[in-house]
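Asker: What follows is a single structure, and I will ask about it in a moment.
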Amino acid sequence: MTGIAIEVDGTSVHVPEGASLLTAVRAAGVELPALCSDDRLSPAGSCRTCLVRADGRIAAACVTPSSPGARIKTTTDDLVRLRRDAVKIIVSALPPEALAEGNPSELAHACESLGIAPETAQSTGGRGRDDSHPYIHLDRDLCIACGRCVRMCSEVQGTFALTLVGRGGDTVVAPGTGGPWAASDCVACGGCVDTCPTGAIIQPGPARGITSGVGPAAARTRTTCGYCGVGCALDVVTQNGEVAAVLPARDGPVNHGHACVKGRFSHGFRTSPERLTRPLLRRGGTLEPAGWDEALAHVARGLRAAVDAGGPDAVAAISSARATNEDNYLVQKFMRVVIGTNNVDNCSRLCHSPSAAGLTASFGLSGGTDSFDDVERADCLLVVGANPVEAHPVVGARLLNRVLHGAKLVVADPRAVGLALHADVHLRPRPGTNVALFHGLAHILLAERLADEEFLRARATGLPELTQLLADYPPDRVADITGVPAPDLVAAARLYGRAERPAIVYGLGVTEHLHGTDGVRSLANLAILRGAVGTDRGYGVNPLRGQNNVQGASDMGALPDLLPGYGKVTDPAVRSRAERVWGVTVPARPGLRIPDMFAAARAGDLRALWVIGEDVCATDPDASHVAQALDACPLVVCNELFLSETARHADVVLPVASWLEKDGTFVNFDRRFQRVRPAVPPPGETRTDFDIVRALAKAMGVDLGCATPADALAECARLAPVFAGLSHDRLDHEGAVPWPCPDPDRPGEAKLYLERFATPDGLAHLAATPYLPPGEEPDDSYPLVLVTGRRWAHYNSGSMTRRGGNLALDPVDFLDLHPDDAARYEVRGGEQVTVESRHGRARLIARVSEQTAPGQVFCSFHFPASGINRLTSDHADTVTSCPEYKVTAVRVAPP
Ligand code: FES
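Per the UniProt record's numbering, the sequence shown starts with residue 1, numbered consecutively.
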């Protein structure tokens, strides 16, 4: 038994060293009011409701550390009286609503257990309300100034949006900026709602009074968030068959009870009147409602006609990083078994395919190298090309928390956003110069003997070639290429190079480039040089995945060259393993990647395209050419929630269930399989992607097997050794299991490569790839560089987040530009501006900000109507065809 032994009311308990008496009391199963305490927050010790007697002395349990052998009493009459008096004083300043019948608050519960009558709350109030925010309302009369919301906002979320104002009994919580809540810095993580003990801060509507801790009896379904790739565990609360609230799970393995504005609040899209609930079939040029039998028969006929006209390779499918693993498994099986082609790809092609290629080449497996939990031990974070504070808020909060606890922070990103504001060193490279930047850092690591020579000798290869290459990347030359001052480079390299456990976290600012795979590999070089990967001396190299199941869609083999578990289709042994399971011959020729599918359609070679859950006309680059491709293809089938830009070009639109309505699994950014469970039924005639794939196979005369999603994962486990130990049953019992997981009786590998790398020679491979310029560069005609990315309130094409309260939080698409450029091009903030590239034109609202460097402009891609992806080029990563979203030469002008 480890920890400290303590006696609580005669019962012996063990608690960790440093734990409070409150922890010990709770470990003994004793209930104690603790109105200013939340075990996720630093203690305040201000409310005096948690009084106990410790070795004879009266103490506030929440702020008193446990000491070995201490004897705690909680039940003596004087203690009960003291606690009751403390709560009574608090309650007497509150209005009757504080203890109204049915109030589920922590305070009401404490009063009930202490025998405090509801009439004790008799204040007439008068402090007023703030209902300005769509998701968070404040009743100041119910505030007891416990400060939990303020600490939650600063210590867990890291936003510092709230403060306490006023004096004495008039102290209340308020946004730190003054003014209404909706205009504050609040990012709507909902943490204040969850921790508020009185109901002063609530989520309005049916969710009122429901929090992670307490609330009215209602059905709760544990599932995994369907927005970004963090993989937050959520409890969906339903009442009368509808979603009443989505709450972060306190035992969520990644989110630890936290969430963001998307996962927690943005589910209004489900019941939007624009939601598709019946299949649509194009008749006479118009999409019209149809029955499922008719729609599926039409698709089946179209697919057969395409195969008859052009062979199996005349058909292609774009599977979805939004869909479950089981959906993706079945889609790729459909294409290989029913159609007989490898023409299946998924939207990771557009984001993290360079991560897959780069990490596989450097280390052997297509995933991040470590469990995110290990970041808690990192003493230096190198965050590159990522804005997790907005795009992955729960990870952003955990990273910031690490920094606030003393870890050094180097941010490499052209924009001064999010974590950059807290960085020890902020490197702002010109977009498209990452490889030179990483080589510059590596040069300094070698020059200053900060590399781990023993690790390099024993576990890495390629050092001589890299050393020779790095001779060409001294700080001054790298400064010329990247625009990063040489002293900043040196400072950053020293922070990373001298840390005991450095960590690399990166995002699409590394991958979405003409040389994105080279970027991943040259970034991985840094961890190899430091011996910070495959050891306990660092947190390796870890990509933040943009969509909920980017990792899983590829894991399941929804790729043109790889089968489930990353076996190559060109490898006869891999094919024969799949053939044994599927009972058909698997085609050996790799299929088309997404951009090649569009090119084939425009050339007349692709005769049927099935697009599943991706709005390619809004999110893919050079969108005008994408639309031309769809129009040229004789049959376009689209699985969608809404009539998206892509669906408008389709011949058949099949309405599908959302992530709140389906069964399966997702794999998050640190390779954890987690369960997805239906909390509510899909609306109308909507079906799951899984059911649709099976039904279409049946319409084509093929039984795909896999009657349930659980059967599909079981079949995948038989086919792919790295998933052999996984099953729904296991996940239901264990919650989350990382892959590789080859054995049902052993845990998955959260941290990779501790004994050997998964490359053929077992070594980490340093990459000596020279810096090459981006595909687009500014010139006199197009003098600015456009970078695209995400904003905190929205997600991808915005089809879900623009239908609900998030639109009120972030209503329009902005073009951010530096004040110098605004003056030079006579653009005023708040006015419409035209943006033109060599490929197209878009209209946005200008926002003047120093977050964006001179010579660069930034916008999101959440508002397809702006046409932002008509601007982006068809330049793509030379290895994986991932688009160069991060560098487009543009010019701006008033409209
Ligand atoms: Fe201990 Fe408030 S909970 S003093």
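Glycine residues also receive a C-beta, built at the ideal position from the N, C-alpha and C atoms. Predicted model, so just to flag it, every value in this text is computed and none were measured.
Please report how far the alpha carbon of residue 726 lies from the alpha carbon of residue 744, in whole angstroms.
Answerer: Residue 726 and residue 744: Cα-Cα distance of roughly 6 Å.
Asker: Kindly examine ligand 1 and report whether one of its heavy atoms sits closer than 7 Å to the Cβ of residue 26.
Answerer: The answer is no for residue 26.
Asker: Got a list of residues with beta-carbon closer than 5 Å to any non-hydrogen atom of ligand 1, in chain order?
Answerer: The set, ordered by position in the chain, is 34, 36, 37, 45, 47, 50, 60 and 62.
Asker: Skipping 5 residues on each side, what residues in its chain have a beta carbon closer than 8 Å to that of residue 212?
Answerer: Residue confidence for residue 212 is low, a pLDDT of 49 falling below 50, so the modelled location carries little weight; the figure read from the coordinates is stated next. Around residue 212: 194, 235, 247, 248, 249, 250 and 257.
Asker: Secondary structure at residue 288, three-state DSSP: helix, strand or coil?
Answerer: It is a strand residue.
Asker: When you compare only the Cα positions, how much space is there between residue 102 and residue 125?
Answerer: Straight-line Cα distance between these residues: approximately 20 Å.
Asker: Quick one: what's got a C-beta closer than 6 Å to residue 44's C-beta in the same chain, skipping five residues either side?
Answerer: Correct list, in chain order: 36 and 147.
Asker: With DSSP collapsed to three states, give me the class of residue 554.
Answerer: The answer is helix: DSSP assigns residue 554 an H, G or I state.
Asker: Can you tell me whether DSSP reads residue 743 as helix, strand or coil?
Answerer: Coil.
Asker: May I have the straight-line CA-CA distance separating residue 433 from residue 540, to the nearest angstrom?
Answerer: Rounded to the nearest angstrom, the two C-alpha atoms are 22 Å apart.
Asker: Can you tell which of 836, 873 and 888 has its C-alpha closest to the C-alpha of residue 866?
Answerer: Checking every option, the nearest Cα to that of residue 866 belongs to 836.
Asker: If distances are taken between C-alpha atoms only, which option among 418, 369, 405 and 579 comes closest to residue 393?
Answerer: Residue 418 is the option with its Cα nearest to residue 393.
Asker: Give a yes or no on contact between the region 620-635 and the region 867-874, applying the rule of three or more CB pairs nearer than 8 Å.
Answerer: Verdict: yes, contact present.
Asker: Does the region 492-503 come into contact with the region 749-767, if we say contact requires no fewer than three beta-carbon pairs (one atom in each stretch) closer than 8 Å?
Answerer: Judged by Cβ distances under 8 Å, the region 492-503 makes no contact with the region 749-767, as fewer than three pairs qualify.
Asker: Does any residue of chain C bring its CB to less than 8 Å from the CB of residue 354?
Answerer: In the structure shown, chain C cannot be found, because there is only a single protein chain.
Asker: Between the Cα of residue 99 and those of 60, 141 and 77, spot the shortest distance and give me the residue it belongs to.
Answerer: The residue with the shortest Cα to Cα distance from residue 99 is 141.
Asker: Residue 72 and residue 8: beta carbons closer than 8 Å?
Answerer: Yes, the pair counts as a contact, with Cβ atoms nearer than the cut-off.
Asker: What is the DSSP secondary structure of residue 363, reduced to helix, strand or coil?
Answerer: Helix, per DSSP.
Asker: From which residue to which residue does the beta strand (DSSP E) around residue 736 run?
Answerer: Run containing residue 736: 736-738, per the beta strand (DSSP E) assignment.
Asker: From 823, 225, 283 and 152, pick the residue whose C-alpha is nearest to that of residue 677; which is it?
Answerer: With distances taken between Cα atoms, residue 677 lies closest to 225.
Asker: Note down the Cα distance separating residue 214 from residue 50, rounded to an integer number of angstroms.
Answerer: The pLDDT assigned to residue 214 is 46, lower than 50, so where the model puts this residue is not dependable; a value taken from the coordinates is nonetheless given after this. C-alpha separation (whole angstroms): 19 Å.
Asker: Considering Cα atoms alone, identify which of 401, 549 and 510 is closest to residue 348.
Answerer: Closest option to residue 348, Cα to Cα, is 549.
Asker: State the DSSP-derived secondary structure class of residue 603, mapped to helix, strand or coil.
Answerer: In this structure, residue 603 counts as coil in the three-state DSSP scheme.
Asker: Going along the chain, which residues of its own chain have a beta-carbon closer than 6 Å to the beta-carbon of residue 626, five neighbours each way excluded?
Answerer: Result list for residue 626: 598, 616, 617 and 620, in chain order.
Asker: Rounding to the nearest angstrom, what Cα-Cα distance links residue 120 and residue 91 in this structure?
Answerer: Cα to Cα, residue 120 sits roughly 6 Å from residue 91.
Asker: If you reduce the DSSP assignment to three classes, tell me which class residue 506 lands in.
Answerer: If DSSP states are grouped into helix, strand and coil, residue 506 belongs with the strands.
Asker: Just reading off the beta strand (DSSP E) that residue 228 is part of, what are its end residues?
Answerer: Where residue 228 is concerned, there is no enclosing beta strand (DSSP E), given that its DSSP letter is neither H nor E.
Asker: Identify the continuous alpha helix (DSSP H) that holds residue 390 and give its terminal residues.
Answerer: 388-391 is the span of the alpha helix (DSSP H), which, as asked, contains residue 390.
Asker: For a test of the three-state rule: what should DSSP assign to residue 372, helix, strand or coil?
Answerer: In the structure shown, residue 372 sits in a helix (DSSP, three-state: H, G or I).
Asker: Could you pull the start and end residues of the beta strand (DSSP E) that residue 896 belongs to?
Answerer: Since the displayed the chain opens at 1 and closes at 895, residue 896 lies outside it and no answer follows.
Asker: Helix, strand or coil: which one does DSSP assign to residue 682?
Answerer: Coil.
Asker: Can you tell me whether residue 229 is buried or exposed? The criterion is at least 16 other CB atoms within 10 Å of its CB, across all chains shown.
Answerer: Buried, because 16 or more other Cβ atoms sit within 10 Å of the Cβ of residue 229.
Asker: Please state if the CB of residue 67 and the CB of residue 20 are separated by a distance shorter than 8 Å.
Answerer: The answer is no: Cβ separation not under 8 Å.
Asker: For residue 36, which beta-bridge partners are listed by DSSP?
Answerer: Answer is none; residue 36 lacks a bridge partner.
Asker: Under 8 Å by Cβ, that's how I've got residue 116 and residue 87 pegged, so tell me the actual separation to the nearest angstrom.
Answerer: That belief holds up - the Cβ atoms of residue 116 and residue 87 are roughly 6 Å apart, short of 8 Å.
Asker: Quick check: the Cα distance between residue 690 and residue 420, rounded to an integer number of angstroms?
Answerer: Taking the straight line from one Cα to the other gives about 42 Å.
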